[in-house]
Amino acid sequence: SRQEVQDMLDRAQWRIRQIYENRPVLCRTLQDSFREALERCNDRYIDFNKVIDDELSMEIFFLAEYNTNRLTDGQWEVNAEEEALGPIPNDPASLPLHSEVVPEDLNREFPNIPQGPRAATVSPSSARTTPAVTAPFPKAKGKATKGRGKAAKGKDKAADVKGKEGYDKFGDAPSMLLPFPNGNITLAEICAFLPQSIKSWDLIDRLIWNGVVTVTLVTMINNMRTMPRGKVISSTIYRMMKGPMDQRAKTDPAYKNWTVGRHQNITKPSSYDENSVSVAGFRPPNSYRGSTTVPNIPFRDLANGVKQWPSGDDALDLTRCVRYCVDNSEEEWVYPDEFEDLLTHLDDFGPATVRPEHTDAESVNRNTKPTALNSAKETYKRKRDDRGRLIEKDQAIQSTDDQGTANEDVASDGEEDIETTANPKPKPNSKKRRREPTPSSDEDTSDEETPSPKRKRTAAKPRVKNSGRQPPSKKNP
Numbered sequence: 001s002r003q004e005v006q007d008m009l010d011r012a013q014w015r016i017r018q019i020y021e022n023r024p025v026l027c028r029t030l031q032d033s034f035r036e037a038l039e040r041c042n043d044r045y046i047d048f049n050k051v052i053d054d055e056l057s058m059e060i061f062f063l064a065e066y067n068t069n070r071l072t073d074g075q076w077e078v079n080a081e082e083e084a085l086g087p088i089p090n091d092p093a094s095l096p097l098h099s100e101v102v103p104e105d106l107n108r109e110f111p112n113i114p115q116g117p118r119a120a121t122v123s124p125s126s127a128r129t130t131p132a133v134t135a136p137f138p139k140a141k142g143k144a145t146k147g148r149g150k151a152a153k154g155k156d157k158a159a160d161v162k163g164k165e166g167y168d169k170f171g172d173a174p175s176m177l178l179p180f181p182n183g184n185i186t187l188a189e190i191c192a193f194l195p196q197s198i199k200s201w202d203l204i205d206r207l208i209w210n211g212v213v214t215v216t217l218v219t220m221i222n223n224m225r226t227m228p229r230g231k232v233i234s235s236t237i238y239r240m241m242k243g244p245m246d247q248r249a250k251t252d253p254a255y256k257n258w259t260v261g262r263h264q265n266i267t268k269p270s271s272y273d274e275n276s277v278s279v280a281g282f283r284p285p286n287s288y289r290g291s292t293t294v295p296n297i298p299f300r301d302l303a304n305g306v307k308q309w310p311s312g313d314d315a316l317d318l319t320r321c322v323r324y325c326v327d328n329s330e331e332e333w334v335y336p337d338e339f340e341d342l343l344t345h346l347d348d349f350g351p352a353t354v355r356p357e358h359t360d361a362e363s364v365n366r367n368t369k370p371t372a373l374n375s376a377k378e379t380y381k382r383k384r385d386d387r388g389r390l391i392e393k394d395q396a397i398q399s400t401d402d403q404g405t406a407n408e409d410v411a412s413d414g415e416e417d418i419e420t421t422a423n424p425k426p427k428p429n430s431k432k433r434r435r436e437p438t439p440s441s442d443e444d445t446s447d448e449e450t451p452s453p454k455r456k457r458t459a460a461k462p463r464v465k466n467s468g469r470q471p472p473s474k475k476n477p
């Protein structure tokens with residue numbers, strides 16, 4: 001069931017922290033994988049057996065990669081202290097998720113963890129299954145002008161992908177550590193050319209405050225990129241944002257217990273402009289760690305892995321630059337440092353004018369079905385449990401009904417207290433009655449008149465008119 005799978009993943013995450021605390025990159029890699037699996041479990045139509053199968057495969061894959069490549073692949077960031085620990089032992093206790101699943105499933109068994117190096121080193125970050133395919137862009141009109149000369153060289157095509165499907169889905173995209181240029185970049189250009197920049201704190205602010213929803217990003221990325229490692233899903237995008245926002249919450253309480261819905265209610269800076277598509281001054285992901293940025297890359301390399309180019313109102317300055325460099329591959333222009341210089345070099349000199357049609361809000365309307373937008377808004381209203389999971393709709397309704405019943409009980413109790421205070425000795429099962437108007441001086445209140453409803457006793461003397469009645473008094477013993 002959903003609950004059982006999520007509990008297994010939760011316990012496995014906890015075990016990872018205990019086992020691999022001294023191997024920080026491996027620990028973080030495994031936790032990120034399990035966290036994405038937890039988000040996948042929120043999908044109503046997910047196959048939970050497939051989730052477990054995928055994560056069991058990823059667990060042994062990461063451990064094998066670490067053991068064979070930790071000393072030669074800089075991504076694992078193994079220092080002298082960690083190197084002294086040696087490889088992960090070939091022991092069932094080294095497999096936290098397998099340790100949760102195998103005892104519950106007689107058809108599964110613990111796999112062996114490779115211990116030795118291998119001839120060819122392939123790191124998880126560079127592992128890809130197929131060559132990236134670059135969609136051809138129509139040749140630019142007009143004569144090509146002379147370029148700026150030589151610049152940093154990059155790969156014209158993405159490398160072959162090896163490894164497990166579903167891992168490193170943006171392996172053919174530019175690094176998330178590339179700095180942002182001083183210029184304008186549309187939502188479509190981000191999805192097509194720079195999808196990993198979605199992890200930036202400042203870009204997350206812009207996207208969410210401008211009404212961009214997860215389903216929009218999923219649709220645009222899958223339509224615009226080849227995605228050789230498999231299409232992204234909503235939980236992929238959510239996890240890309242969740243990790244950075246959790247780090248941000250450590251220094252900014254406004255982002256504590258982050259969700260997209262909560263982010264929408266965070267107070268915006270007074271200078272915030274929802275019509276701006278500028279990324280000037282945006283911090284790259286991981287800037288909170290003080291990480292250094294990566295070197296510039298050739299502009300033409302931004303086209304790697306792109307199958308559908310931004311067009312019409314979705315295309316702006318970055319599309320113009322990449323198109324020019326693909327059409328004039330003999331010229332060397334690098335991103336992001338030469339972004340502004342390249343714009344002034346193009347035939348239609350300088351940055352293009354940003355129109356309302358270029359804004360994020362308009363892009364969302366063009367690229368998202370209305371039903372999907374409404375569904376996303378309803379999802380953001382749903383509550384999450386203490387582990388960040390979406391609560392099932394029926395459960396949420398029941399919870400609301402229970403709370404409403406409790407509130408009604410409290411209100412009812414309060415009314416009874418008021419009644420008791422006003423009438424120290426109420427009659428059993430007595431009900432409140434509407435107070436009748438006080439008789440006026442010209443009304444007949446004789447004994448022959450039809451009796452009026454009984455009134456609550458009060459300390460005030462009733463007004464009577466020659467009826468022979470006596471004011472209420474204590475009963476004689």
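Once you know that position 344 of the sequence shown is 344 in UniProt numbering, the rest is easy, because the numbers rise by one and skip nothing. Idealized CB from N, CA, C, for every residue including glycine.
- In the same chain as H98, and ignoring 5 residues on each side of it, the C-beta atoms closer than 7 Å to its own belong to L56, E59, P92 and F110, in chain order.
- For T359, no alpha helix (DSSP H) encloses it, and the DSSP letter there is neither H nor E.
- Taking C-alpha positions only, P89 is separated from R70 by approximately 14 Å.
- According to the DSSP assignment, C325 belongs to the alpha helix (DSSP H) that extends over D317 to D327.
- Counting only the Cα atoms, W258 lies some 10 Å from Q264.
- Rounded to whole angstroms, the separation of the alpha carbons of I204 and P284 is 11 Å.
- The count of Cβ pairs closer than 8 Å, one atom from the stretch 319 to 330 and one from the stretch 240 to 248, stays below three, leaving the stretches out of contact.
- V306 carries a strand assignment under DSSP once its states are collapsed to helix, strand and coil.
- Around the Cβ of E83, a 10 Å sphere holds fewer than 16 other Cβ atoms; the residue is exposed.
- Secondary structure at Y66: helix, using DSSP grouped into helix, strand and coil.
- Exposed is the label assigned to D273, since fewer than 16 other Cβ atoms lie within 10 Å of its Cβ.
- Judged by DSSP in its simplified three-state form, Y20 adopts coil rather than helix or strand.
- I233 and M176 have their C-alpha atoms roughly 19 Å apart.
- Beta-carbon to beta-carbon, V51 and R35 are separated by about 12 Å, too far to satisfy the 8 Å threshold.
- Inter-residue distance for P174 and Q75 is about 16 Å (C-alpha atoms, whole angstroms).
- Spanning the alpha carbons of G261 and D246 requires a straight line of approximately 15 Å.
- If you draw a 10 Å sphere on the C-beta of Q6, you find 16 or more other C-beta atoms in it, and that means buried.
- Each of D360, D54, L30 and L38 was checked against the Cα of G230, and the nearest Cα belongs to D54.
- Contact annotation: I16 and P114 have beta-carbon atoms that are not nearer than 8 Å.
- Where V260 is concerned, the enclosing alpha helix (DSSP H) starts and stops at V260 to Q264.
- Looking from the CA of N184, the closest CA among M224, A303, P298 and R206 belongs to R206.
- Straight-line measurement puts the Cα of F193 at about 38 Å from the Cα of Q3.
- Checking the DSSP bridge columns, you'll see N184 partnered with S278.
- Comparing alpha-carbon positions, the option among S311, E357, A361 and E338 lying closest to G350 turns out to be E338.
- The DSSP assignment places no complete beta strand (DSSP E) segment of no fewer than 3 residues inside the stretch 169 to 245.
- Contact between L85 and F62 is absent: CB atoms are separated by about 16 Å, not below the 8 Å threshold.
- L9 and L38 do touch by the CB rule: their CB atoms are close to 5 Å apart, below 8 Å.
- Of the candidates T72, Y66 and F48, the residue whose Cα lies closest to the Cα of V101 is F48.
- Under DSSP, Y272 takes part in no beta bridge, so it has no partner.
- Per DSSP, the continuous alpha helix (DSSP H) segment holding D341 begins and ends at F339 to H345.
- Between T368 and T216, the CB-CB gap stays under 8 Å.
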